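So the structure is just underneath, and the comments pick up after that.
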DNA sequence: CGGGCCGCATGACATCTGTCATACGGCACT
DNA sequence: AGTGCCGTATGACAGATGTCATGCGGCCCG
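Chains as they are written, first to last, in our numbering: chain F, 1 to 204; chain Y, 1001 to 1204.
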């Protein structure tokens, strides 16, 4: 029989990361050979340890798990990619798939699915929650332009139009125009709702 | 030597919960005797299993880990309480302590601290991050009145003044006054920032 | 009993925000 | 060459939001 599956674990919360490592450690055929707590340490660690599967949390400092996935996919295409996230946002699933992910798991799925997903992706299968896949397809693509997203992101923490304009090197009127179109595209009433909805959909 | 320490684990994300259980399962002297995924199932499970220590995540459906802690503290005062959270918000620490928690851990602390905290609280010790404790003391108490908190919470998802007034059975002017005083107390410029800051401090 | 804070309210005012029309250059697709 | 979208900008306008002064009744504390 073949040797153990070598896994890289990327997750910023140490306690969760080490707990997941403990969980995977219980499996005979899986070995966690590297752990990192930042997105921007993923590639280096993957190179250093010759991993079979990378398990990537999305929310991480440095860069997101999705960005890390895209990078790995480009640099080490033979590494299988499992994206793990707290939030089952359809937009996340879409981005993860575009980044070359082989599996997409949400953290409130049963723990058994984790080891299972690792084995499946190594066998060439793709693993995604059918409900989430349906939601991602139903919702359609992100309607926001890059600029609209930038403005929304910057507006998220309560900045005023003048501050947004300064931060993005735009005129105040332009900022208002972008916010206005974003608000209309998302069918909401103000910037706060727009930020909330865009976040929920994973469009931000 | 004494028998194993019986632990109840409350955490809504199955994968994290089972991973933490796996982690604790590696310790010879600790046994996870019950797992729940909702705050409002904690008391019942604790009663059913005669637990020594309850490990409570804060963010849970049903009721928060802090509310569950307060309930356990009242109903089963001999059970030791460890509160676990993603966010190291000083206000959370304060509330947890007021609810009778014996330990307060953030999830980005090393995993080893978890088992250690379980043993320590059982030995009658209290476990809190000194940095966080300092922050909680430095920041002072929540300056917001109950009404101000209500209005901020309701305003968080982008409701308009008219909607807030209707939802809270207040006049529109009163809503604006509350928001205005909250904005001043938090030393910010608008409601969105006020919500953000209040959240960060755990005052919401 | 008086002072102070809270909850609640109103009115006036200044500023911020959202909408709309309009404009121009660039780029892509037909 | 024409159409359409994007990025950028302006000006005008209506409505939402934030500030301030002021008022009243209730409650607690000294």
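Beta carbons are placed, not taken as given, at the ideal position from N, Cα and C, and that holds for glycine. Nothing here was measured: the structure is a model prediction, and the numbers come from that model.
- Distance check between residue 137 of chain F and each of F:93, F:188, F:34, F:22 places F:93 closest, using alpha-carbon atoms only.
- Leaving aside the five residues that flank residue 84 of chain F on each side, the residues in its chain whose CB is nearer than 7 Å to its CB run, in chain order, 55, 56, 57, 105, 107.
- Distance between residue 88 of chain F and residue 8 of chain F, taken at the CA atoms: about 22 Å.
- Taking the Cα of residue 1049 of chain Y as reference, the smallest distance to any Cα among Y:1037, Y:1033, Y:1026 is reached at Y:1033.
- In the structure shown, residue 1021 of chain Y adopts helical secondary structure according to DSSP, grouped into three states.
- Annotation: the continuous alpha helix (DSSP H) that includes residue 195 of chain F extends over 191-201.
- Going by DSSP, residue 53 of chain F is part of no alpha helix (DSSP H) but of the beta strand (DSSP E) stretching over 53-57.
- With respect to residue 10 of chain F, residue 60 of chain F sits close: the two C-beta atoms are nearer than 8 Å.
- Annotation: residue 186 of chain F is outside any beta strand (DSSP E) and is labelled neither H nor E by DSSP.
- Here residue 1144 of chain Y carries a coil assignment [DSSP, helix/strand/coil].
- Following the DSSP letters along the chain, one finds residue 31 of chain F in no alpha helix (DSSP H) but inside the beta strand (DSSP E) bounded by residues 30-36.
- In the displayed model, residue 1175 of chain Y falls within a helix according to three-state DSSP.
- When the five nearest sequence neighbours on each side are left out, the beta carbons in the same chain lying within less than 8 Å of the beta carbon of residue 52 of chain F are those of 5, 6, 7, 79, 80, 122, in order along the chain.
- Residue 83 of chain F has F:56, F:104 as its beta-bridge partners, per DSSP.
- If you look at residue 1010 of chain Y, you'll find it in the beta strand (DSSP E) that goes 1005-1010.
- The beta-carbon distance between residue 1154 of chain Y and residue 1168 of chain Y, rounded to whole angstroms, is 6 Å. This is short enough to meet the 8 Å contact definition.
- Residue 1042 of chain Y places its beta carbon 8 Å or farther from that of residue 1021 of chain Y.
- In terms of Cα proximity to residue 1013 of chain Y, the closest of Y:1027, Y:1026, Y:1035, Y:1170 is Y:1035.
- Contact residues of the segment 1010-1038 of chain Y toward chain F are 1012, 1013, 1014, 1015, 1016, 1017, 1018, 1019, 1020, 1021, 1022, 1023, 1024, 1025, 1026, 1037 (C-beta to C-beta distance below 9 Å).
- Non-local C-beta neighbours of residue 1202 of chain Y in its own chain, meaning closer than 8 Å and more than five positions away in sequence, comprise 1087, 1089, 1090, 1091, 1092, 1093, 1094, 1095, ordered along the chain.
- Within a 10 Å sphere around the beta-carbon of residue 1044 of chain Y sit fewer than 16 other beta-carbons, which makes this residue exposed.
- Ranked by Cα distance from residue 1062 of chain Y, the options Y:1165, Y:1076, Y:1038, Y:1074 are led by Y:1038.
- Going by beta carbons, residue 76 of chain F and residue 101 of chain F fall outside the 8 Å limit.
- Taking a contact as a CB-CB distance under 8 Å, the pair residue 1157 of chain Y and residue 196 of chain F counts as one, their CB atoms being some 6 Å apart.
- Look at the segment 105-131 of chain F: the residues with a C-beta under 7 Å from a C-beta of chain Y are 107, 108, 109, 110, 111, 114.
- Contact residues of the segment 150-179 of chain F toward chain Y are 157, 158, 160 (C-beta to C-beta distance below 7 Å).
- Partner residues in the beta bridge of residue 127 of chain F, as assigned by DSSP, are F:103.
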